[in-house]
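This report concerns only the one structure given below.
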Amino acid sequence: MTLVQLDALDLSALLCSRVCHDVISPVGAIVNGLEVLEDESDASMREFALELIAKSARQASARLQFARIAFGAAGSAGASIDLADAEKVSRGMFGDDKTQLAWSAPQALYPKNKVKLILNLVVIAQSAIPRGGLIDVTVTGDGEAPSIVLTAKGSHARIPPHVEALIAGTPENGTVDAHAILPFYAGLVARAAEMDVRFSITGDTVTIEALPTPKPATETVDEPPVSDEEPPETALA
Numbered sequence: 001m002t003l004v005q006l007d008a009l010d011l012s013a014l015l016c017s018r019v020c021h022d023v024i025s026p027v028g029a030i031v032n033g034l035e036v037l038e039d040e041s042d043a044s045m046r047e048f049a050l051e052l053i054a055k056s057a058r059q060a061s062a063r064l065q066f067a068r069i070a071f072g073a074a075g076s077a078g079a080s081i082d083l084a085d086a087e088k089v090s091r092g093m094f095g096d097d098k099t100q101l102a103w104s105a106p107q108a109l110y111p112k113n114k115v116k117l118i119l120n121l122v123v124i125a126q127s128a129i130p131r132g133g134l135i136d137v138t139v140t141g142d143g144e145a146p147s148i149v150l151t152a153k154g155s156h157a158r159i160p161p162h163v164e165a166l167i168a169g170t171p172e173n174g175t176v177d178a179h180a181i182l183p184f185y186a187g188l189v190a191r192a193a194e195m196d197v198r199f200s201i202t203g204d205t206v207t208i209e210a211l212p213t214p215k216p217a218t219e220t221v222d223e224p225p226v227s228d229e230e231p232p233e234t235a236l237a
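The sequence shown lines up with residues 1 to 237 when you count with UniProt numbering.
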């Protein structure tokens, strides 16, 4: 199938929509908490409002820090990102009572597109276990040719609908909207990082693998052997 190509303005608009969607809820909760503080004199209600504001502020901050690396430029072209930073923002984003995160990766700088791919795959792994569970992230190898494996284990685990086609850049309806932009963007990042992404499911566990794209074999052309003998002189007419 033909790869779908998004205009740069459409891509940026859809990604901005995704980021706004993620932060609207906690920011709205902060506003609600402030309104309670303004209107209520009851001590217990004011305490509840302060707890709501503090929790929502932490959520908004965590989601923005995650988005800065997962979707942002994260430095100039060719920049590297510390995997420890990727782990930190992932734990802030997903480590809660519903979803637990296990992380095993070298303490090293990796090319930014490979780190961005890991973070986007973490989001997809979370959507594979809608009722929560455990996401296990394992990264091995060096930054140029890493092996990235994520397992998402939980009740009613499933490969998210259409995600494989979206990552391949070939959505079934030939279009991409705000709901589909994240896996589509993950596919763009994967191709930029020269990585192949594959999905499999066994029981209540979804496995996502990202491996270096195989290099095409180069054909060698046999050249005729070079002779050390002098070429015969050409007779003059």
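Glycine included, every Cβ here is placed at the ideal spot set by N, Cα and C. Note that this is a predicted model, so its numbers are computed, not measured.
Which two residues bound the contiguous alpha helix (DSSP H) that contains residue i?
i: Gln126; result: Lys112 to Ser127
i: Phe35; result: Strictly speaking, residue 35 in this sequence is Glu, with Phe absent from that position. Taken as a continuous stretch (DSSP letters only), the alpha helix (DSSP H) holding Glu35 covers Ala8 to Asp39.
i: Val189; result: Ile181 to Ala192
The beta strand (DSSP E) that contains residue i, what's its start and end?
i: Gln100; result: Thr99 to Ser104
i: Asp82; result: Ser80 to Asp82
i: Pro212; result: Thr205 to Pro212
i: Phe66; result: Looking at the DSSP string, Phe66 is not in any beta strand (DSSP E); the run it does join, the alpha helix (DSSP H), is Ala43 to Ala70.
i: Asp177; result: Neither: Asp177 is in no beta strand (DSSP E) and is coded neither H nor E.
i: Val4; result: Element bounds for Val4: n/a, residue is neither H nor E.
i: Thr202; result: Met195 to Thr202
So, at 6 Å on beta carbons, what are the nonlocal neighbours of residue i in its own chain, with the 5 sequence-adjacent residues on each side left out?
i: Gly169; result: Leu3, Val4 and Gly187
i: residue 245; result: Summary: the structure shown does not reach residue 245, with the chain confined to residues 1 through 237, and so no result is reported for it.
i: Ala184; result: Reading off the sequence shown, one finds Phe at residue 184, where the question assumed Ala. Excluding sequence neighbours, Phe184 sits near Leu166 and Val176.
i: Gln65; result: Val89
i: Ser200; result: Thr207
i: Ala178; result: Leu14 and Ser17
i: Arg198; result: Glu209
i: Gln100; result: Leu134
i: Ser56; result: Pro26, Ala29 and Ile30
Output the distance between the C-alpha atoms of residue i and residue j, rounded to the nearest integer angstrom.
i: His162; j: Leu37; result: 44 Å
i: Ala237; j: Lys215; result: Confidence in Ala237 is poor, its pLDDT being 42 and thus under 50, which makes the residue's placement too unreliable to answer from.
i: Arg63; j: Lys88; result: 12 Å
i: Gln107; j: Arg68; result: 20 Å
i: Asn32; j: Ala145; result: 48 Å
i: Ser41; j: Ala86; result: 42 Å
i: Val115; j: Ser61; result: 20 Å
i: Asp204; j: Leu119; result: 22 Å
i: Ser17; j: Asp142; result: 34 Å
i: Cys20; j: Leu14; result: 10 Å
i: Ser44; j: Gln59; result: 23 Å
If I measure Cβ to Cβ from residue i and keep anything under 7 Å in the same chain, skipping five residues before and after, which residues do I get?
i: Arg131; result: Gly154, Ser155 and His156
i: Ser127; result: Pro160
i: Thr213; result: Glu194, Met195 and Asp196
i: Lys98; result: Gly132
Mind checking whether the beta-carbon of residue i lies closer than 7 Å to any heavy atom of the ligand MN?
i: Pro171; result: This structure simply doesn't include the ligand MN, nor any ligand for that matter.
By Cβ distance below 8 Å, which residues in the same chain neighbour residue i in space, the five residues on each side in sequence not counted?
i: Ala180; result: His162, Leu166 and Pro171
i: Leu34; result: Ala49 and Ile53
i: Leu182; result: Arg18, Asn120, Val123 and Ile124
Check the Cβ-Cβ distances between residue i and every residue of chain C, and say whether any is below 8 Å.
i: Leu9; result: The displayed structure is made up of one protein chain only, and chain C is not part of it.
Inset, instruction - Check whether the segment 19-31 touches the segment 187-202, taking contact to mean three or more Cβ pairs, one atom from each stretch, closer than 8 Å. - result: no
Legend entry - Any beta strand (DSSP E) of 3 or more consecutive residues that is wholly inside the segment 131-168: 133-140 and 147-153
Inset, instruction - Could you say if the segment 44-51 and the segment 77-86 meet the contact criterion of at least three C-beta pairs nearer than 8 Å? - result: no
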